[in-house]
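Letter by letter, the sequence shown follows residues 216 to 374 in my numbering. Positions of the beta carbon are idealized from the N, C-alpha and C atoms, including for glycine. Computed from a predicted model, the values in this text were never measured in an experiment. Below: the structure, in structure tokens.
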Amino acid sequence: MAEIQKFRNEILEWHNKLRFEHDSPNLKIDDELNKLATEWAEDLATRDVFERRPNNSYGENQYVGSEANSQQVVESWYNEIDSYKFDEPSPDNLPEVGHFTQLVWGSTETMGCGMARSESNKVYIVCFYNPPGNIQDQFQENVRRAKNFAEVIIINYFD
């Protein structure tokens, strides 16, 4: 239990460092979202599949890999910034940028994360967000440019 709590604290810290750079308020951990995200991560790990939760009323980011490294997880989501077009009202490539946009979505207030390991030794990580992001026609007000160039942020935080 201590491992998941440490992971949640670290992933929250990474979210908030990057959200700060995009003028988005800090997120807070929500215990109910932690519970739901854990249940979904366990379901994915049991079935060893990678899919979104059906009829989910929350924002959702997922990651699957060989280890649970909070920095690596958040970095993989944030790196989608390279494909995001800040000048467009809504992205035409949401599947390519949706993890990034949810991570920095300005009106999101809370998050919860869960993780589980499959029999094939994959680690499934799921984070849910409330209110959800990635709402059509609300991108420009919720996904702001970084205060510094993205490359500088990545160098400062991830190197």
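For a test of the three-state rule: what should DSSP assign to residue i, helix, strand or coil?
i, result
"Tyr273", "coil"
"Asn308", "coil"
"Phe301", "coil"
"Ile350", "coil"
"Val279", "strand"
"Gly327", "strand"
"Asn357", "helix"
"Lys243", "strand"
"Phe265", "coil"
Looking only at its own chain, which residues have a Cβ that is under 8 angstroms from the Cβ of residue i, when we skip the five neighbours before and after it?
i, result
"Phe265", "Leu259, Gln277, Val279, Tyr339"
"Asp352", "Pro304, Ser305"
"Leu309", "Thr316, Asn349"
Ignore the nearest five residues each way along the sequence and tell me which others in residue i's own chain have a CB closer than 7 angstroms to its CB.
i, result
"Ser291", "Tyr278"
"Tyr293", "Leu233, Phe315, Leu318"
Under 8 angstroms between the Cβ atoms of residue i and residue j?
i, j, result
"Glu254", "Gly329", "yes"
"Gly348", "Asn357", "yes"
"His237", "Ala361", "yes"
"Asn249", "Gly327", "yes"
"Gly274", "Thr323", "yes"
"Asn345", "Asp263", "no"
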